[in-house]
Amino acid sequence: MAPHPDPREYPSRPWVGVGAIVLRGGQVLLIKRAKPPEAGRWSLPGGTLELGETSAEAAIREVAEETGIKAEAVGILTAVDRVDRDQAGKVRYHYLLVDVVARYLSGDPVAADDAADAQWFDLDKLDDMAIWDETKRVIREAAEKHGHDP
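The numbering of the sequence shown is my numbering, which starts it at 157 and goes up by one.
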């Protein structure tokens with residue numbers, strides 16, 4: 157059987173990814189995903205770790221690549237498992253996502269790279285948005301632990 161063209165889809169091993177929780181004045185920076193999984197839905201800026209990169213470095217790199225925002229890592233908040241299966245029950249995507257809290261430094265969000273859109277959203281509007289429940293949970297946890305401007 158030939159390998160799947162996207163190594164992240166139907167992987168032979170889990171992928172390590174990062175999500176950056178960038179908070180600023182009661183808002184969180186989100187991107188609209190341009191690629192699966194969750195294409196078209198709002199999410200944290202993030203992506204996969206590159207060889208030799210720390211999770212904090214990867215998170216800050218992904219924020220810059222996807223939004224143009226300059227930020228600095230405050231620390232790791234948590235790790236979340238994301239396992240998506242197809243209708244036959246086969247693992248389609250498998251990620252270990254390391255969520256990093258980041259401090260906003262400068263810039264206005266402009267979507268680029270894997271992001272179809274990038275915007276600041278009020279923390280109190282999260283319940284009204286179509287966002288993965290785990291993403292909402294980690295955003296709230298970051299705001300509770302680090303405040304609205306970490």
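Ideal Cβ placement from N, Cα and C applies to all residues, glycine included.
{"query": "Beta-bridge partners of H250, as assigned by DSSP", "result": "V239"}
{"query": "Contact belief for R128 with D305 at Cβ below 8 Å, rounded distance in angstroms", "result": "What is shown of the chain runs 157 to 306, which leaves residue 128 out entirely."}
{"query": "First through last residue of the alpha helix (DSSP H) which encompasses I216", "result": "S211 to T223"}
{"query": "DSSP bridge partner residues for G173 (one or two, in chain order)", "result": "T204 and L253"}
{"query": "Assigned secondary structure, D283 (DSSP; H/G/I helix, E/B strand, else coil)", "result": "helix"}
{"query": "Residues that DSSP places opposite A271 in a beta bridge", "result": "R189"}
{"query": "Top-ranked residue by Cα proximity to A267, from I225, A215 and G175", "result": "I225"}
{"query": "8 Å CB neighbourhood of A271 in its chain, flanking five on each side removed", "result": "I187, K188, R189, A190, P201, E222 and T223"}
{"query": "C-beta atoms of A229 and V256 nearer than 7 Å", "result": "yes"}
{"query": "Own chain, CB closer than 8 Å to D278, minus 5 neighbours either side, in chain order", "result": "G182 and Q183"}
{"query": "At least 3 beta-carbon pairs within less than 8 Å: the region 241 to 248 vs the region 204 to 213", "result": "no"}
{"query": "Contact belief for G173 with L205 at Cβ below 8 Å, rounded distance in angstroms", "result": "7 Å"}
{"query": "Span of the alpha helix (DSSP H), counted from its first residue to its last, around D289", "result": "D289 to H302"}
{"query": "Whole-number beta carbon distance between W198 and I287, since they are thought to touch under 8 Å", "result": "5 Å"}
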